[in-house]
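Notes to accompany the following structure.
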Amino acid sequence: MSNILTSRKQDYAQWYNDLVIKGGLAEYSAVRGCMVIKPYGFALWENMRDQLDRMFKETGHQNAYFPIFIPKSFLSKEAAHVDGFAKECAVVTHYRLKNDPNGNGVIVDPEAKLEEELIVRPTSETIIWHSYKNWIQSYRDLPILVNQWANVVRWEMRTRLFLRTAEFLWQEGHTAHATKQEAIDETRQMLDVYATFVEEYMALPVIKGVKTESERFAGAEDTYCIEALMQDGKALQAGTSHFLGQNFAKAFDVKFADKDNNMEYVWATSWGVSTRLIGALIMAHSDDEGLVLPPRIAPLQVVIVPIYNKDEATTQKINDKAAEIVKELKAKGIRVKFDDDDTRRPGWKFAEYELRGVPVRITLGARDMDNNIAEVARRDTREKESIALDKVVEQAEQLLEDIQMNLYHKALTFRNENTTRVDSWDQFVSVLNDKGGFVAAHWDGTAETEDKIKEMTKATIRCIPLDSVQEEGACVLTGKPSKQRVLFAKAY
């Protein structure tokens, strides 16, 4: 595969693009900044989506759907919110086309101008809280625990497949509560759900933290996040959960009668992850040979590749044994494929399934049948082993768990080795330029210093870790007192 993919060391960004496209995950579309998610990429997203959906429902949430169009006036109701998204909004101004009288196709009908422009959904707080005003009258109507699976549009000028596109898929939870503490608890609970999913299913360790005021979601009082580290030493925000306070309730006048019949504003949260997680998955685990996918969310977990000779009886024997293994693996809930396509040679198939990151490959050949064995290969280490045929299913099942754990521990070791504590500006700059990764440093707590560091180094405060311990220190830039370290990194 080295002649198919650019190596990570040569050009990490190009390696990533090569892998997304040649690995069959996505491609660029005719619409600038948008992508086509291909079946293999969408199968990966479905596995992630379905597991997250189960976890949301286990915590009491229900799915709903709200319009993709938002009246422009809605975004004006919450000042910080409109400031945060104004430059990214796509705007619908007309509702009809007509044939060009000059014969040049279709044109916008100038007489079909909307009375009020519609914004194509960049996020749904405003349209949802307009609905919540009708849903909530009493404390008996609370809490509302709603999630939406949808697409959103944020007009990006510089795009990269999965990581940053003008349109992307995501889920957005929007909940309403009777008390501040209940809303805060919900915010933290959903952060934990995200962290559990990313660590246990994506095999990617994350750091849970809170964003600085400068990095908060527009309209939030607090933004919690999970941050992950990619192989090139850059950070990636893998999910966010926002405590919105009463900002949107006040903007849309959403009140409820409490148990004493006093009218109070509702407390709110929102939280979301997107197809950006696929980008994180690729950059955290894959190699120069192709994708490396954690078994729990891989579209295909096991592939069986036959190697036939010209003897029909042997071919039938291979097919029968493959069918038997497929049946046993499927009975265990394992996603398996028997690739008996005779238009492709086994060597091509080996390379293709490596490129696509299939965790386990089983090879059945004529000689294997004679010796009552099969070759079993694992994608993460590329190790191969001959296994007795009656042990193949058991071994494949065990390998899937071993690969899942190995990928997590490999990523955790990488993150730990690339998290550096520094106490001076020279150290700070040196680590960022020469090593990368997370840099744990003291910061004086001011937006001015945060902005200055970003301007000088392109590094941002990824989060203030929730497990950060209090310690006396001095800001690496200003020398002013600091009570705890924060995590800096260059990021996607």
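FYI, our numbering numbers position 380 of the sequence shown as 1048, with every residue one higher than the one before it.
From the three backbone atoms N, C-alpha and C, an ideal C-beta is built for every residue, glycine too.
Identity of the residue in the options nearest residue i by Cα
i: Ser1092; options: Asp1070, Lys1158, Lys1148, Glu1116; result: Lys1148
i: Asn929; options: Ser806, Asp1112, Glu1139; result: Ser806
i: Leu831; options: Thr943, Tyr763, Asp718, Ala871; result: Thr943
i: Ala758; options: Phe924, Val941, Trp823; result: Trp823
i: Ala846; options: Gln984, Asn1084, Pro811; result: Pro811
i: Gly940; options: Lys1005, Phe836, Trp1016, Glu992; result: Phe836
i: Ala966; options: Ile993, Arg1003, Arg1050, Asn815; result: Arg1003
i: Gly1141; options: Arg808, Ala851, Arg1153; result: Arg1153
i: Arg1035; options: Ile736, Leu1057, Glu714, Leu1023; result: Leu1057
i: Glu889; options: Lys876, Ser909, Asp1119, Gln899; result: Ser909
i: Leu872; options: Asn1040, Lys1078, Leu720; result: Lys1078
i: Phe924; options: Lys998, Gln678, Asn1101, Asn802; result: Asn802
Simplified DSSP state of residue i, which is helix, strand or coil
i: Asp1091; result: coil
i: Ala990; result: helix
i: Val1061; result: helix
i: Met669; result: Confidence in Met669 is poor, its pLDDT being 44 and thus under 50, which makes the residue's placement too unreliable to answer from.
i: Ser744; result: coil
i: Thr843; result: strand
i: Glu1053; result: strand
i: Gly1001; result: coil
i: Tyr696; result: strand
i: Glu1139; result: coil
i: Arg1047; result: coil
i: Met1037; result: helix
i: Leu1145; result: coil
i: Lys876; result: strand
i: Met1124; result: helix
i: Val861; result: helix
Sub-7 angstroms separation of residue i and residue j beta-carbons
i: Arg789; j: Val820; result: yes
i: Arg1046; j: Ile1071; result: yes
i: Ser1150; j: Asp1112; result: yes
i: Glu746; j: Gly887; result: yes
i: Val866; j: Ala906; result: yes
i: Val922; j: Ile894; result: no
i: Pro1162; j: Met870; result: Outside the modelled stretch of the chain, which goes from 669 to 1160, sits residue 1162, for which no answer is possible.
i: Ala990; j: Val1028; result: no
Nonlocal neighbours in the same chain, by C-beta distance under 8 angstroms from residue i, ignoring five residues either side
i: Ala1115; result: Thr880, Glu881, Ser882
i: Asn1086; result: Leu897, Gly901, Lys1103, Gly1104, Gly1105, Phe1106
i: Val704; result: Ala694, Glu695, Tyr696, Ser697
i: Ser670; result: Confidence at Ser670 is low in this model, with a pLDDT of 47, below 50, so its placement is unreliable and the value that follows should be read with caution. If we look at Ser670 and ignore the five residues flanking it on each side, its Cβ neighbours are Asp956, Glu957.
i: Lys1122; result: Thr1128
i: Val1026; result: Leu961, Ala966, Leu968, Gln969, Val970, Val971, Arg1047
i: Val1061; result: Ile993, Glu996, Leu997, Lys1000
Other residues of its chain near residue i: CB distance less than 6 angstroms, five sequence neighbours each side excluded
i: Ile975; result: Pro1014, Gly1033
i: His953; result: Val960, Leu1075
i: Asp686; result: Leu673, Thr674
i: Lys781; result: His762
i: Asp1010; result: none
i: Tyr800; result: Ala844, Val922
Same chain only: Cβ atoms within 7 angstroms of residue i, ignoring 5 sequence neighbours per side
i: Phe1096; result: Val1090, Val1107, Ala1109, Val1144
i: Asp768; result: Val774, Ile775
i: Ser1054; result: Ile1041, Glu1043
*Continuous beta strand (DSSP E) assignments of at least 3 residues falling wholly in the region 777 to 833*: Complete beta strand (DSSP E) runs here, min 3: 781 to 788, 812 to 821.
*Every unbroken beta strand (DSSP E) inside the region 884 to 922 [3 residues or more]*: Restricted to the region 884 to 922, the beta strand (DSSP E) segments that are unbroken, complete and at least 3 residues in length are 890 to 897, 903 to 913, listed in chain order.
*asked:* What ranges does the alpha helix (DSSP H) occupy inside the region 933 to 993, keeping only unbroken runs of at least 4 residues that lie completely in it?
replied: The DSSP assignment places complete alpha helix (DSSP H) segments of no fewer than 4 residues inside the region 933 to 993 at 944 to 953, in order along the chain.
*What beta strand (DSSP E) runs, 3 residues minimum, are completely inside the region 1066 to 1121?*
With a minimum length of 3 residues, the continuous beta strand (DSSP E) runs that stay inside the region 1066 to 1121 are 1087 to 1089, 1106 to 1110.
*Taking only runs that begin and end inside the region 703 to 780, name each unbroken beta strand (DSSP E) of 3 or more residues, in chain order.*
Whole beta strand (DSSP E) segments, 3+ residues: 703 to 705, 737 to 739, 758 to 762, 765 to 767, 774 to 776.
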